[in-house]
Amino acid sequence: MDVTESTFQAAVIERSHSVPVVVDFWAAWCGPCLQLGPVLEREAAQRAGRVELVKLDVDANQTLSRDYGIQGIPAVKAFSKGRIVAEFVGAQPAAAVARFLDSLIPSDAELLAQKGDEESLRKALELDPERADAAVKLAKIVLGRGQRPEALAILGHVHGSFAADGLAARIRLEGAGTPDLSPAFTALDAGHYEHALDVLIEAVASTRGARDEIRRVVVGILDELGLEDPLATRSRIKLASALY
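Quick note on numbering: my numbering labels position 37 of the sequence shown as 37, and the sequence is numbered without any gaps.
Written as structure tokens, this is what we have:
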């Protein structure tokens, strides 16, 4: 499908919230574009319903070409959730194009994790025990039933996730009982993140023995909030001040 500057927002940006959209920036006079085009079309057709391919003529849509910094063609950019998530420049062999497209398609474990119910989360972790998003969601469900050992066991398979590490630290702190951080955890469970973070960061500054565990909890919460969240930005500054 061909897109233009007038249809790009709907066909690419908005559509990419439902399925990955790959944009082939090309021109009729470009030899490598004419080589790559059929390869992209064939590989995308084999993944119909899981990824979509659109073509944009750079000569006829020069404003968009400038906006996306197109300097050489063919230029291929993949959009998901309204953002560019992968790209390459120049003609590529079919195997490379296939790998590129496959990298955009959610795995079975990812799709199960997105569902969020306990059965789906357990199936996701059967496929990928180290999947952090599924492990954190499932551990919270299990923790809600008071099953701390199982929650810790689930999180124990995950490596390199601040959110999983922070939740595990919270479980250990609750089991220890000292210091008493129940006001912070009650606020956190109720969605009152600012109050919870303020209490926890104050505890980092005033507590010695469990200081690192509390720091892990705070970092985990900040990770779940995301880098661009204003509360996370303010809280990082407060945490740095409490630590140093």
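Just so you know, even glycine gets a beta-carbon here, dropped at the ideal spot from N, CA and C.
Cβ-based neighbour list, F185, same chain, cut-off 8 Å, excluding 5 preceding and 5 following: R170, E174 and A196
Between the Cα of S18 and those of K81, A45 and S65, spot the shortest distance and give me the residue it belongs to. K81
Where do the N-terminal and C-terminal ends of the alpha helix (DSSP H) with D165 fall, by residue? F162 to A176
Endpoints, the alpha helix (DSSP H) within which R42 is located: G31 to A45
Report the option in E202, I214, L112 and G146 whose CA atom is closest to the CA atom of K238. E202
Buried or exposed (CB count within 10 angstroms, at least 16 for buried), I84: exposed
Restricting to Cα atoms, I'd like to know which of E43, P230, D57 and A44 is closest to C33. D57
Looking at C-beta atoms only, is the number of pairs between the segment 130 to 145 and the segment 153 to 166 that lie closer than 8 Å three or more? yes
With contact counted as at least three CB pairs below 8 Å, one residue from each stretch, are the segment 61 to 72 and the segment 106 to 120 in contact? no
Which residue from E194, V217, R211 and R215 puts its Cα closest to that of P230? E194
Kindly indicate which residue of Q9, A168, P129 and L200 has the alpha-carbon position closest to the one of P183. L200
What are the boundary residues of the beta strand (DSSP E) that L53 is part of? E52 to D57
Supposed close pair L152, Q92 - CB separation, criterion 8 Å: Their Cβ separation, rounded to whole angstroms, is 45 Å, which puts L152 and Q92 out of contact at 8 Å.
If we call anything under 8 Å between Cβ atoms a contact, is D24 one with V76? yes
Taking DSSP as the reference, what is the three-state secondary structure of S182? helix
Could you give the DSSP three-state label for I105: helix, strand or coil? coil
Here's a check: name, in chain order, each residue in its chain whose Cβ is nearer than 7 Å to the Cβ of R172, leaving out the five neighbours to either side. E213
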